[in-house]
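One structure is given below, encoded as structure tokens.
In the numbering used here, the protein residues as written are 13 to 281.
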């Protein structure tokens with residue numbers, strides 16, 4: 013804990029020290045993930061005997077901090093990513109470790125990795141409020157958490173794009189959740205557009221990974237490890253499939269479940 017505080021509150025940000033500290037979390041991340049899955053399904057089972065908690069204030073505060081965190085993260089990493097592209101070229105922005113992981117953007121990249129522990133709280137709020145808990149939700153939380161730790165310790169260059177895309181999409185997503193939590197009716201089309209952004213995020217990442225794989229296959233030097241690359245590739249493919257299915261079930265099949273719910277809500281008013 014002392015080392016965590018020292019890295020977090022000492023300027024300038026020391027990337028290699030953050031890498032060393034994060035490497036100590038690898039086993040902890042796995043154990044924490046197992047505990048997380050056991051906990052959420054235990055709470056879900058127990059809650060069958062109780063009425064759902066409202067948790068309005070907690071939900072508002074939760075969505076507020078994640079929205080602000082994501083907006084700030086997107087802002088700082090946007091500047092850094094486009095600076096990388098301008099100074100070193102587009103391909104180098106995802107094949108070579110550069111200044112993106114140093115300084116302010118480096119600090120936010122590290123916070124991004126650590127924030128995946130905190131984001132598991134999303135699920136606690138879901139099960140305590142007895143909202144539907146789908147496989148996609150907890151699966152992507154577990155994989156993203158462990159990928160974040162492993163990839164950070166392996167100096168993974170294409171995390172520039174993964175981090176920037178995720179921060180940016182989450183800026184919109186948690187802002188949307190916040191508006192919903194304070195009972196502002198947001199059109200279902202907005203939710204559909206956010207899911208579209210998520211799918212675009214995975215599509216862009218897969219294009220980058222395809223090029224990285226090609227470069228590795230022909231013997232070009234790419235920073236990072238093959239094992240991390242394969243982990244990332246499998247993760248992103250699974251996300252693309254699961255989110256595409258979610259999109260189909262929610263916005264296409266039978267006229268779209270989300271759109272039907274919206275119409276029912278309007279009729280009640």
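A virtual CB, placed ideally from N, CA and C, is assigned to each residue, including glycine. Keep in mind that this is a model prediction, so the values were computed, not measured.
Check, Outcome
"C-alpha distance - residue 145 paired with residue 244, whole-angstrom precision", "24 Å"
"Nearest residue (CA-CA) to residue 106, options 18, 168 and 237", "168"
"Whole-angstrom C-beta distance between residue 83 and residue 183, which should lie under 8 Å", "5 Å"
"Residue 79 versus residue 152 - alpha carbon distance", "19 Å"
"Residue nearest to residue 214 in terms of C-alpha spacing, selected from 70, 140, 256 and 126", "256"
"Residue 58 versus residue 143: straight-line alpha-carbon distance, rounded", "14 Å"
"For residue 233, the three-state DSSP class (helix, strand or coil)", "coil"
"Beta-carbon proximity list for residue 207, same chain, < 6 Å, skipping 5 on both sides", "259"
"At least 3 beta-carbon pairs within less than 8 Å: the region 87-101 vs the region 148-163", "no"
"Spatial distance of residue 72 from residue 236 (CA atoms)", "39 Å"
"Distance between beta carbons of residue 165 and residue 46, contact taken as under 8 Å", "At roughly 20 Å, the Cβ-Cβ gap does not stay under 8 Å, so residue 46 and residue 165 are not in contact."
"First and last residue of the uninterrupted alpha helix (DSSP H) at residue 247", "238-263"
"Segment limits, alpha helix (DSSP H) that includes residue 291", "In the structure as shown, the chain begins at 13 and stops at 281. Residue 291 is therefore absent and cannot be evaluated."
"Classification of residue 27 by the beta-carbon crowding that lies within 10 angstroms, buried from 16 upward", "buried"
"Minimum length 4: unbroken alpha helix (DSSP H) runs contained in the region 108-192", "115-130, 133-140 and 147-165"
"Simplified DSSP assignment, three categories, for residue 50", "helix"
"For residue 280, three-class secondary structure by DSSP", "Since pLDDT at residue 280 reaches only 49, below the 50 mark, its modelled position is unreliable, and the value read off the structure follows with that caveat. Of the three classes helix, strand and coil, the one that applies to residue 280 here is helix, per DSSP."
"Boundaries of the alpha helix (DSSP H) in which residue 16 is found, first to last residue", "14-21"
"Proximity to residue 109 [Cα-Cα], best of 172, 36 and 68", "172"
"Three-state secondary structure assigned by DSSP to residue 40", "helix"
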